[in-house]
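Notes for the one structure printed next.
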Amino acid sequence: MSNTRFQAALKLEPQVTPPIWMMRQAGRYHSHYQNLRKKHSFEELCKVPELAAEVAFGPVDDFDFDTAILFSDILFPLEAFGMGLRFGEEGPKLGWHLSTLEDLKKFYPLEQAVEFMGFQKDAVIRTRKRISKDKSLIGFIGGPWTLFCYATQGKHDGNLILPKISAKLREGFYEKILALLKENIRLQLEGGAEIVMIFDTAAGDASPAFFQEAILPSIKVLVEAFPGKIGYYAKNLAPGSLQSLREISGLTGFGMDHRTDIVDFLGNGSHFVQGNFDQALLFMESEEFKKYLNRWIRPFLDLVPEKRAGWVCGLGHGVLPKTPEANIRTFVSTIREAFV
167 MSNTRFQAAL
177 KLEPQVTPPI
187 WMMRQAGRYH
197 SHYQNLRKKH
207 SFEELCKVPE
217 LAAEVAFGPV
227 DDFDFDTAIL
237 FSDILFPLEA
247 FGMGLRFGEE
257 GPKLGWHLST
267 LEDLKKFYPL
277 EQAVEFMGFQ
287 KDAVIRTRKR
297 ISKDKSLIGF
307 IGGPWTLFCY
317 ATQGKHDGNL
327 ILPKISAKLR
337 EGFYEKILAL
347 LKENIRLQLE
357 GGAEIVMIFD
367 TAAGDASPAF
377 FQEAILPSIK
387 VLVEAFPGKI
397 GYYAKNLAPG
407 SLQSLREISG
417 LTGFGMDHRT
427 DIVDFLGNGS
437 HFVQGNFDQA
447 LLFMESEEFK
457 KYLNRWIRPF
467 LDLVPEKRAG
477 WVCGLGHGVL
487 PKTPEANIRT
497 FVSTIREAFV
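With our numbering, letter number 137 in the sequence shown gets 303, and the count goes up by one each step, no holes.
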């Protein structure tokens, strides 16, 4: 029960037609999701497994993506540890923030936190049953560094001064969060996820030196626990950081945003590479979008299948709210028609 194109990409096998998967393909731009949101809160869509499966199913059924992805949120492990979490019009808000090592003593026991995260395993199981047998399924977690940024200052962007200067607090947090994330990954893999992506949004703000010292070791811990099952994505990652990431033994692949020429990274023989059309350009008028998309495709067409091995075609980041559905359909059909 998986997609042959996606599995070939994971195995780095040459193929003519790449699999297509977009981050945030289940979300606010899609009428299927909008109809569900009229009846249910975001938390319900995430935490009620049947609803999470229906949200994930919608875009795969509508646009014929090769892969579904768990519908959830990266912050639930923080809620599992007792930090409180609510979602409003202004975005996610924690009940309190970490500021001292003493605050880590407030965290709920690991066993209690793991039990809380069980809804994600159930959601993966139900999503696997809901999507067709010829589709693949991806799980995900938040990166330890990004979760630390949220835990300390309630967001993952801006100057990030507090998380960057709080080395002892960071290490104490990592010790606890990595134990939970390992169990979180295990739950998703047991539920039927073929790989689990680490989404590490805040890592793009880090210098290569800081990435090497403060972020990379935690990624290695997770990859070493599940070799061949972990992918990684951080937008706007510095070239030096990307190179450090690629040297992790056992990392199965990584995503690249639209700021980098992805072509040179394909067919590397060691990692799948996901990306990386500029998601903002999906807002172009239909005919202009088709012309631009075909220009973007040309360098890929110049490569023989062996040089494209491991490519998972998609966007540089997630599908943006209000993206025209028609252009999503055009993207998928154009890729499939070009690579035959």
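No residue lacks a Cβ here, since even glycine has one placed at the ideal position from N, Cα and C.
Cα-Cα separation, residue i to residue j
i: Pro185; j: Cys479; result: 6 Å
i: Phe229; j: Ala192; result: 11 Å
i: Ser384; j: Lys342; result: 11 Å
i: Gly308; j: Pro258; result: 14 Å
i: Ser360; j: Gly419; result: Reading the sequence as shown, one finds Glu at residue 360 and not Ser. Roughly 13 Å separates the two Cα atoms.
i: Phe431; j: Leu355; result: 27 Å
i: Phe242; j: Asp288; result: 15 Å
i: Ile327; j: Ala372; result: 11 Å
i: Val389; j: His263; result: 28 Å
i: Asp300; j: Phe223; result: 13 Å
i: Ser298; j: Ala375; result: 44 Å
i: Pro324; j: Ala369; result: Here the sequence assigns Gly to residue 324, which means Pro is not the residue at that position. Their backbone Cα atoms lie some 12 Å apart in a straight line.
i: Tyr274; j: Arg336; result: 18 Å
i: Ile240; j: Leu313; result: 8 Å
i: Thr318; j: Asp269; result: 10 Å
i: Ala218; j: Leu211; result: 5 Å
i: Glu220; j: Thr293; result: 7 Å
i: Gly416; j: Phe339; result: 24 Å
i: Ile437; j: Ile414; result: The amino acid occupying residue 437 in the given sequence is His; Ile does not appear at that position. So the two alpha carbons sit approximately 10 Å from each other.
i: Lys457; j: Arg464; result: 11 Å
i: Ile364; j: Gly435; result: 21 Å
i: Pro329; j: Lys348; result: 22 Å
i: Gly320; j: Glu209; result: 18 Å
i: Tyr398; j: Lys295; result: 26 Å
i: Ile428; j: Lys272; result: 44 Å
i: Ser207; j: Arg171; result: 34 Å
i: Met249; j: Glu451; result: 44 Å
i: Phe455; j: Ile494; result: 10 Å
i: Glu503; j: Thr496; result: 10 Å
i: Tyr195; j: Leu447; result: 14 Å
i: Gly358; j: Phe285; result: 14 Å
Identity of the residues DSSP links to residue i by a beta bridge
i: Phe443; result: Leu481
i: Leu438; result: Position check: residue 438 holds Phe in this sequence, whereas Leu was assumed. In DSSP, Phe438 forms a bridge with Gly419.
i: Gly257; result: Gly254
i: Ile186; result: Cys479
Cβ shell of residue i (< 6 Å), same chain only, five flanking positions each side left out
i: Ala246; result: Ala279, Phe282, Met283
i: Leu481; result: Met188, Phe443, Gln445
i: Thr500; result: Leu459
i: Ala475; result: Leu178, Pro180, Gly433
i: Leu382; result: Ser410
i: Leu486; result: Gln445
i: Met167; result: Lys299
i: His483; result: Lys401, Asp423, Gln445
i: Leu403; result: Gly370
i: Phe505; result: Val182, Thr183
Residue burial classification, residue i (beta-carbon count within 10 angstroms, cutoff 16)
i: Thr266; result: exposed
i: Val470; result: exposed
i: Leu467; result: exposed
i: Arg461; result: exposed
i: Phe449; result: exposed
i: Gln200; result: exposed
i: Glu453; result: exposed
i: Ser238; result: buried
i: Val439; result: buried
i: Ala333; result: exposed
i: Val182; result: exposed
i: Lys205; result: exposed
i: Lys401; result: buried
i: Pro405; result: exposed
i: Ile235; result: buried
Proximity test, residue i beta-carbon vs the ligand SAM heavy atom, cut-off 7 Å
i: Gly358; result: Although the ligand SAM was asked about, the structure shown includes no ligands whatsoever.
Residues near residue i in its chain [Cβ-Cβ closer than 8 Å; skip 5 each side]
i: Ile351; result: Gly305, Ile307, Val362, Leu388, Ala391, Phe392, Lys395, Ile396
i: Ser197; result: Glu491
i: Leu244; result: Leu251, Leu260, Leu313, Tyr316, Ala317
i: Asn169; result: Pro185, Asp232, Thr233, Asp300, Lys301, Ser302
Within-8 Å CB hit, residue i to chain B
i: Arg294; result: Absent from the structure: chain B. Only one protein chain is present.
Residue ranges of each alpha helix (DSSP H) run of no fewer than 4 residues wholly in the region 383-421, ordered along the chain? 405-412
Could you tell me which whole alpha helix (DSSP H) segments of length 4 or greater appear in the region 262-318? 276-282, 284-296
With a floor of 3 residues, list each beta strand (DSSP E) that falls wholly inside the region 317-371, ordered by position along the chain. 361-365
Please give the ranges of any alpha helix (DSSP H) in the region 220-253, keeping only runs that are unbroken, at least 4 residues long and fully inside the region. Listed in chain order, the alpha helix (DSSP H) runs fully inside the region 220-253 are 242-246, counting runs of at least 4 residues.
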